[in-house]
C-alpha cells in the first residue's frame, strides 16, 4: 500500500505531462483559390481554429504541391517573444525522418534594440504594436534548419528559388498574422520540402526560441524572480499579486516568459484532391 501511495504522484505527473504535450488534431482544407502569402487573414475567414487560452488561431490548406499555414496572434507580448527568441515552424512527416524547420523571424536581426515594457495602458499598446510591425517589415530573411537546429541555408522570405514564402502582417488592434508556404513531396523542383503528400499525416510544431530572462524583464513593470522560477516579482521585493489583469501570479499588465511563448503542435492530415 505504501509503495502504491508513493507511485501515485509520479503516475499523475506522467499523465499530466502527456496531456500537456498532446497536440491538436486538424485536417487541412483543400486550396480552392490562390493563397497569397501577404500577412492578411481575410482569405482564411471561417477556416481558423482557436487555440484554447493562447490568444492564437491556426489554419492549414494544401494542394498537391504546397502546404499553406496561417497563424493569427492576438497578443503583442507573443510577438515580442518571437522577436527576442526567434520562431520556428517544424515539419515532422509521419512516415519519414526528414524533419526540418523554418526559422522566421531571426532573433539576431533584432539584437540591440531598445526594450519596451509590456503594459496594458492603451497608448503603450499602440506604440508597441506599431514598433513591432515596423521591425517585422524589416525582416527579409529566413533560415532553414535541420532537426538538430543546424542551419542548412538562408533565403529571402519571398520570391526565392526554394518555393518557401513567409510573411508577418499587422491588421491592427493587436492582431498579427503569420503566413507560410512550403513545398510538399510531390513537388520535385525544390531542395527543401515536406516529405509528405496529399492524403498523408504530419506533425506541425510551432516553437518560440529561448530567451534570456534578463532581457525579458521590465524595470518599470516588474522583474523576473531570481533562480529561474516562474512568475514575476513586483519592484521592491513584495510578494506576488493575486488576480488582476496580468497573468496569474504576476503584476497586472505584465507577462511571464511562459505565457508569452508560442509552443504547441498540430497533428495534421493533408487533404487529398477533390
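Residue numbers (the working numbering): 36 to 309.
We treat Cβ as the ideally placed atom computed from N, Cα and C, and that holds for glycine.
When secondary structure is reduced to three states using DSSP, residue 171 falls in the helix class. Apart from the 5 residues on each side of it in sequence, residue 225 sits with its Cβ closer than 7 Å to the Cβ of 197, 198 and 218 in its chain, given in chain order.
Leaving aside the five residues that flank residue 58 on each side, the residues in its chain whose CB is nearer than 8 Å to its CB run, in chain order, 238, 240, 299, 300, 301 and 302.
Considered as a whole, the segment 83–164 harbours 111–120 as its complete alpha helix (DSSP H) runs of no fewer than 4 residues, in chain order. Contact check for residue 93 against residue 83 passes: the beta carbons are separated by less than 8 Å.
Residue range 298–304 is occupied by the beta strand (DSSP E) that includes residue 300.
Going by C-alpha positions, residue 174 is about 23 Å away from residue 79. By the Cβ neighbour-count rule, residue 188 is exposed, with fewer than 16 other Cβ atoms within 10 Å of its own. Residue 194 and residue 87 have their C-alpha atoms spaced approximately 34 Å apart. When 308, 245 and 234 are compared, the shortest CA-CA separation from residue 130 is found for 234.
Nearest to residue 186 by C-alpha distance, out of 167, 136 and 163, is 136. Per DSSP, the beta-bridge partners of residue 203 are 213. Collapsing the DSSP output to three states places residue 240 in a strand.
Contact annotation: residue 203 and residue 171 have beta-carbon atoms nearer than 8 Å. Secondary structure note for residue 225: it is in no beta strand (DSSP E), with a DSSP letter that is neither H nor E. Membership of residue 59 in the beta strand (DSSP E) is indicated by the continuous run 59–62.
At least 8 Å separates the beta-carbon of residue 139 from that of residue 216.
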